[in-house]
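In what follows, a single structure is set out as structure tokens and then discussed.
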Amino acid sequence: MAVAVVASAADAPTAVRVQPTSGDAVTFLFETSPELQMHAKRFTVTSTAHPAGVTFEFDAVESIDFVATSSVENTEMPGIIMTMDNGTLNFSNVPENSPVSVYTTDGRMVVNTSASDTFSLSLNDMAQGIYIVRVAGFVTKVSF
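Quick note, in this note's numbering, the sequence shown goes up one by one and the last residue is 144.
Set out below in structure tokens:
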């Protein structure tokens, strides 16, 4: 993975862009206050627009760079978006036939399905605790 910081005064960066090894780049605008948290083999970017965060595996990222919004085709995040409402996880922007899995912290798979575009996953029948949710290349930790 490479991290590049290249900007002139005329093109001051206004966003950070993460380019996965496969799929579309994910762009986080500075105005949404993105924060990067490093973990063992992954990192998570949270922002005011995406408080649940977007997690990337280091091995699955080609580059991270800073860009001016004039150099970004679409300043909205093109990746998977997740929100949680009353024990239901809601996903949008999911690539067609993406694998969906949910794991307990001890590694047991409790959900194994596939989804496309938008879908909801109720956690109400699960015991309260911490779960790892994986949808295509999107991975996040959920606690309820």
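Using N, Cα and C, we set each Cβ at its ideal position, and we do this for glycine too.
Name the two residues that bound the continuous beta strand (DSSP E) containing residue i.
i	result
residue 33	It is not in any beta strand (DSSP E) - residue 33 carries neither H nor E in the DSSP assignment.
residue 95	88-104
residue 42	42-46
Buried or exposed, going by whether 16 or more other CB atoms sit within 10 Å of the CB of residue i?
i	result
residue 58	exposed
residue 64	buried
residue 139	buried
residue 55	buried
Specify the secondary structure class of residue i as computed by DSSP and reduced to three states.
i	result
residue 144	coil
residue 20	strand
residue 112	strand
residue 68	coil
Between the beta-carbon of residue i and the beta-carbon of residue j, is there less than 9 Å?
i	j	result
residue 80	residue 95	yes
residue 27	residue 17	yes
Which residues does DSSP list as the beta-bridge partners of residue i?
i	result
residue 57	42
residue 15	29 and 67
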